[in-house]
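Heads up, the thing below is written out as C-alpha cells.
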Amino acid sequence: MELLKQTLWMLWKDLLLELRRRESILAMFFFGTLLLFVFHFAFEIPTEKAAEMAPGLLWLAFLFTGTLGLTQLFQAERENHCLDALLLSPMDRASLYLAKVFFNLFLMLLVELIVFPLFWVLFNLAFWNLLPSLFLVAFLGTIGFCVLGTLFSAVTLKARARELLLPLILFPLMIPVILATVRGMEIILRTGKFTEALPWLRLLIGFDVIFFTVGFLIFEWVIEA
Amino acid sequence: MAGTMQKRGRARRVTGILALAFILVGLYFALIGAPPDAYQGEVQRIMYVHIPSILTAYLSFFIVFIGSCLFLWKREKRDDILARSAAEIGVLFTSLTIIEGSIWGKPTWGVWWTWDARLTLTAILLLIFVGYLMLRSLIEDENRGAVCSAVVGVIGFLDIPLIHMSVYWWRTLHQPPSILRPDKMPWENVHPSMLIALAVNFAAFILLYFYLLSLRFRVGEMEEEVKTLKLYGGAS
Numbered sequence: 478m479e480l481l482k483q484t485l486w487m488l489w490k491d492l493l494l495e496l497r498r499r500e501s502i503l504a505m506f507f508f509g510t511l512l513l514f515v516f517h518f519a520f521e522i523p524t525e526k527a528a529e530m531a532p533g534l535l536w537l538a539f540l541f542t543g544t545l546g547l548t549q550l551f552q553a554e555r556e557n558h559c560l561d562a563l564l565l566s567p568m569d570r571a572s573l574y575l576a577k578v579f580f581n582l583f584l585m586l587l588v589e590l591i592v593f594p595l596f597w598v599l600f601n602l603a604f605w606n607l608l609p610s611l612f613l614v615a616f617l618g619t620i621g622f623c624v625l626g627t628l629f630s631a632v633t634l635k636a637r638a639r640e641l642l643l644p645l646i647l648f649p650l651m652i653p654v655i656l657a658t659v660r661g662m663e664i665i666l667r668t669g670k671f672t673e674a675l676p677w678l679r680l681l682i683g684f685d686v687i688f689f690t691v692g693f694l695i696f697e698w699v700i701e702a
Numbered sequence: 006m007a008g009t010m011q012k013r014g015r016a017r018r019v020t021g022i023l024a025l026a027f028i029l030v031g032l033y034f035a036l037i038g039a040p041p042d043a044y045q046g047e048v049q050r051i052m053y054v055h056i057p058s059i060l061t062a063y064l065s066f067f068i069v070f071i072g073s074c075l076f077l078w079k080r081e082k083r084d085d086i087l088a089r090s091a092a093e094i095g096v097l098f099t100s101l102t103i104i105e106g107s108i109w110g111k112p113t114w115g116v117w118w119t120w121d122a123r124l125t126l127t128a129i130l131l132l133i134f135v136g137y138l139m140l141r142s143l144i145e146d147e148n149r150g151a152v153c154s155a156v157v158g159v160i161g162f163l164d165i166p167l168i169h170m171s172v173y174w175w176r177t178l179h180q181p182p183s184i185l186r187p188d189k190m191p192w193e194n195v196h197p198s199m200l201i202a203l204a205v206n207f208a209a210f211i212l213l214y215f216y217l218l219s220l221r222f223r224v225g226e227m228e229e230e231v232k233t234l235k236l237y238g239g240a241s
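These protein sequence lines map, in sequence, to chains F and R. For the first sequence, my numbering assigns the number 478 to the initial residue and increments by one for each residue that follows. For the second sequence, my numbering assigns the number 6 to the initial residue and increments by one for each residue that follows.
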C-alpha cells in the first residue's frame, strides 16, 4: 500500500512537470507525425497496400517516438543532483521504477491514440471497426517496451553517448515485442478476427509479465550503483 | 598466492596444448576421416566446425549469465571479470558461426543469408552481446559499469527463449537437426566416422574455449592488479 502511495506521488511529480513544460509529449507527438510523412515519401504507399504495411510502419513510429521519450525519462533527475536527493529520501526504490514505467506508458499511449487514427486518415484506410483490437495489441506491446525501456534508461543513465547506446541495447532485446505486435496486428487486419492473433498476444503478455517482474526487482541495484 | 598462480598457469598451458592437439586430430577426421555427405558432398564438412562453434557460443553466453548473476548477488570482482571475458569470446564464436554458416549457405541454399529462424536468432544474440560490450566501454565508473552490464547479461539471457519462440513462429527454413533426432539414435542415421569427427572437433572447441577464457580472465585480473598498484603507488 505504501509502495502504491509513493508511486502515485512520484508519478504526480512527473505529470506535473510535464504539464508545465510539455517538452516530451509535444516532441514525441510531432516526431511520430513527421515519421508518417517520411514513410510516405520513402515508400509512396498506395491505398490498397496501406493496410498491409500499416502494422510495421505504425510500430516503427511508436518504437522511435518511445525511444525519444525514454532518453528524456530521467532528464529531470539528472539536473541539480535530483537523483541523489531522491535516493536519500526514505522511499522504496521500486516506486521510482513503477512511476517512470507508468509515466512513459502514459506518454506513449497518448501519442498512439492520436497517431493511430491519423494513419487511417492519411492513408485512406477502411476498417475503422478494427481499431480497438489493434490498439489493444499496441497497448500490450507498449507495456513491454516501457518495462524494459525504463530499466535500460536507468542503465544508460550515466554512460557516455547514452542516447546512442540506449536503442543499441534495447532494440535487440525488444525483438519478441516487435515481431509479436507487428504479426498480431497484421493477422487482425488480414482476417478481421481478434482470436486469430491470440498466440502472439499470449507471447506479448508473457514478455510483459516476465520483464516487469525482473525490472521491478533489479531496478534498485541499477539506480544505486 | 604465487603457488596457485603457477598452478593455474600450468593448467592453462596444458589446456592450450591439448586444444591444439585436438584441433589437428579433428581437422584430420573432418577433412579425411569422415566420408563426404550423400547429398551435399564435400561442402558439408563445414558442419564439423559450424556446430562446435555455435555450441561453444551458447556455452559462453550461459557463462555470462552465471557470472552476471553471481556478481549481482555477491558483488565480487572476479565474477564480473568472468562475465566480461565470456562475453568477448562469445561474440567471437558467434561471429565465426555466422561466417561459417554463410560459406555453407551459399552452395547449399544458394544465398549467403536468409531470414530463417535460427540464423536470425544467432544474429540477434550477437547484437545483444555487442551491446553488452559497448555499454561496458561507455560507462566510466567501474562499479556502475559492472552492475549495468550484469543486468544486460541477465536480461539478455532471459530474453533468449522469447526471441527463440517469436522467430520460430515467424519462419523456419534451416535444416532440422540431423544428428539429435527424436525418432532415431545418433548412430543409426549418421555414419560413425562423421560422429567421431564431430565429437573430436567439439572437444577441440571446448578446450580452445576454456584456454581463451582463462587467458582473458588472467588479463582481466592483471588489469585489476595494475589499477590497485597505481592507487597505492606500488608500495607493496
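Backbone N, C-alpha and C fix where the C-beta goes; we use that ideal spot for every residue, glycine too. Predicted, not measured: the structure shown is a model, and the values here were computed from it.
Whole-angstrom distance between residue j and residue i, CA atom to CA atom
{"i": "F/Phe622", "j": "F/Leu608", "result": "20 Å"}
{"i": "F/Glu525", "j": "R/Glu105", "result": "42 Å"}
{"i": "F/Leu540", "j": "R/Tyr173", "result": "22 Å"}
{"i": "F/Met662", "j": "R/Ile94", "result": "39 Å"}
{"i": "F/Leu628", "j": "F/Pro594", "result": "30 Å"}
{"i": "R/Gly136", "j": "R/Leu130", "result": "10 Å"}
{"i": "R/Trp78", "j": "R/Tyr44", "result": "51 Å"}
{"i": "R/Asp85", "j": "R/Glu145", "result": "15 Å"}
{"i": "R/Ile28", "j": "R/Phe210", "result": "8 Å"}
{"i": "R/Met52", "j": "R/Phe222", "result": "29 Å"}
{"i": "R/Arg176", "j": "F/Phe693", "result": "33 Å"}
{"i": "F/Pro644", "j": "F/Leu488", "result": "24 Å"}
{"i": "F/Gln483", "j": "R/Arg80", "result": "29 Å"}
{"i": "F/Leu678", "j": "R/Ile108", "result": "37 Å"}
{"i": "R/Ser100", "j": "F/Arg639", "result": "26 Å"}
{"i": "F/Ile695", "j": "R/Pro197", "result": "48 Å"}
{"i": "R/Phe162", "j": "R/Glu228", "result": "27 Å"}
{"i": "R/Ile103", "j": "R/Ala122", "result": "13 Å"}
{"i": "R/Tyr237", "j": "R/Gly225", "result": "19 Å"}
{"i": "F/Leu575", "j": "R/Glu230", "result": "40 Å"}
{"i": "R/Thr9", "j": "R/Leu32", "result": "34 Å"}
{"i": "R/Pro57", "j": "R/Phe67", "result": "15 Å"}
{"i": "F/Pro567", "j": "F/Leu560", "result": "13 Å"}
{"i": "R/Pro166", "j": "R/Tyr63", "result": "13 Å"}
Cβ-Cβ separation, residue j to residue i (assumed contact under 8 Å), whole Å
{"i": "F/Phe689", "j": "F/Val624", "result": "5 Å"}
{"i": "R/Trp160", "j": "F/Leu650", "result": "First, the amino acid is wrong: residue 160 of chain R is Ile here, not Trp. Contact flag correct, Cβ pair sits at about 6 Å."}
{"i": "R/Phe76", "j": "R/Ala26", "result": "At roughly 34 Å, the Cβ-Cβ gap does not stay under 8 Å, so R/Phe76 and R/Ala26 are not in contact."}
{"i": "R/Val48", "j": "R/Pro112", "result": "5 Å"}
{"i": "F/Leu680", "j": "F/Pro653", "result": "6 Å"}
{"i": "F/Thr548", "j": "F/Glu589", "result": "Wrong, their Cβ atoms sit about 18 Å apart, outside the cutoff."}
{"i": "R/Val96", "j": "R/Leu138", "result": "7 Å"}
Residue j beta carbon less than 7 Å from that of residue i
{"i": "R/Gly158", "j": "R/Ser65", "result": "no"}
{"i": "F/Leu550", "j": "F/Asn581", "result": "yes"}
{"i": "R/Phe34", "j": "R/Val205", "result": "yes"}
{"i": "R/Leu126", "j": "R/His169", "result": "yes"}
{"i": "F/Leu642", "j": "F/Thr633", "result": "yes"}
{"i": "F/Phe508", "j": "F/Thr542", "result": "yes"}
{"i": "F/Arg570", "j": "F/Glu697", "result": "yes"}
{"i": "R/Leu143", "j": "R/Thr20", "result": "no"}
{"i": "F/Ala702", "j": "R/Arg149", "result": "yes"}
{"i": "F/Pro532", "j": "F/Val699", "result": "no"}
{"i": "F/Ala674", "j": "F/Ile665", "result": "yes"}
{"i": "F/Gly626", "j": "F/Leu647", "result": "yes"}
{"i": "F/Leu512", "j": "F/Ala553", "result": "no"}
Residue-level contact to chain R via CB, residue i, 7 Å cutoff
{"i": "F/Ala528", "result": "no"}
{"i": "F/Ala657", "result": "yes"}
{"i": "F/Ile695", "result": "yes"}
{"i": "F/Ala571", "result": "no"}
{"i": "F/Pro567", "result": "no"}
{"i": "F/Pro532", "result": "no"}
{"i": "F/Pro644", "result": "no"}
{"i": "F/Ile620", "result": "no"}
{"i": "F/Leu678", "result": "no"}
{"i": "F/Ala674", "result": "no"}
{"i": "F/Arg555", "result": "no"}
CB contact check: residue i to chain F, cutoff 7 Å
{"i": "R/Arg149", "result": "yes"}
{"i": "R/Val156", "result": "yes"}
{"i": "R/Leu143", "result": "yes"}
{"i": "R/Gly72", "result": "no"}
{"i": "R/Trp120", "result": "no"}
{"i": "R/Asp164", "result": "yes"}
{"i": "R/Gly136", "result": "yes"}
{"i": "R/Ser171", "result": "yes"}
{"i": "R/Val96", "result": "no"}
{"i": "R/Ile86", "result": "no"}
{"i": "R/Ile168", "result": "yes"}
Just checking, does the stretch 215–223 of chain R make contact with the stretch 90–106 of chain R on the three C-beta pairs under 8 Å criterion?
yes
Decide yes or no for the touch test of the stretch 481–498 of chain F against the stretch 530–544 of chain F: beta carbon pairs closer than 8 Å, at least 3 of them.
no
With three or more beta-carbon pairs closer than 8 Å as the criterion, would you say the stretch 11–22 of chain R touches the stretch 680–700 of chain F?
no
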